[in-house]
Every structure is written in structure tokens, then in C-alpha cells.
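The structure under discussion appears below in the form of C-alpha cells.
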Amino acid sequence: MNDRRAIFSLIATGRITPAQAERLLAIANERTEALLALVLCVGALFLMQISRHNILPEMLHFFRSLIPAAAAALNNAQNAVNQMLGGLL
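All you need for this note's numbering is the position in the sequence shown, starting with 1, plus 12.
Spelled out as C-alpha cells, the structure:
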């Protein structure tokens, strides 16, 4: 989205022509599509590595590994809010 805004800003200031902007927008769209394709391929490879009968335990293990990190992040956020409010919480 920032790329599009920057391109439209360049058109508005007269630094590029609308034809040049069209080419830049096409390149930006191709980059987004390529990134999406890469993410989907990596996801497919990950799923192919897990056998079907082990997928549930693997997913549970993955989510359990996130719990300590999420708890630490919530604690840090609570401490930051508490500090901003002057220790009222």
C-alpha cells in the first residue's frame, strides 16, 4: 500500500508520467504475488514434512511452545501500561 501511495505522490508532483506509474504498479503487484507464492510454497513444504497421523500432536506442540512467549509479552505489556499510569495497576 505504501508503494502505491508513493507512486501516486510521484505522479502528483510531476516526477513521473502516468505510463511510468502503470509500469511501477505492475512491478509492485508482481512482487506481492511472488511473495505470496513463496509463503504458500513454504507452508506446503512444512505440511508435507508432517505425516498425517502426527499432525495434531505437532500442532499442539507448536501452540504449547507459543504459550510462554505470549505470557511474557502480555506481562511486558502490562508492565509498560502500569509504568505509564504511574503504578495504578
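Here a beta-carbon is modelled for each residue, glycine too, at the ideal position from N, C-alpha and C.
Values in this document were obtained by computation on a predicted structure and should not be read as measured data.
Can you tell me whether residue i is buried or exposed, with buried defined as 16 or more other CB within 10 angstroms of its CB?
i   : result
I19 : buried
Beta carbon of residue i, beta carbon of residue j: below 8 Å?
i   : j   : result
I23 : A33 : yes
Throw me the rounded Cβ distance for the residue i and residue j pair, which I believe falls under 8 Å.
i   : j   : result
L50 : R16 : L50 to R16, Cβ: 21 Å. No contact.
Consider the C-beta atom of residue i and the heavy atoms of the ligand MN; say whether any pair is separated by less than 7 Å.
i   : result
L86 : With respect to the ligand MN, the structure offers nothing, as it holds no ligand at all.
Cβ contact (3+ pairs, closer than 8 Å) linking the segment 55-62 and the segment 38-46: no
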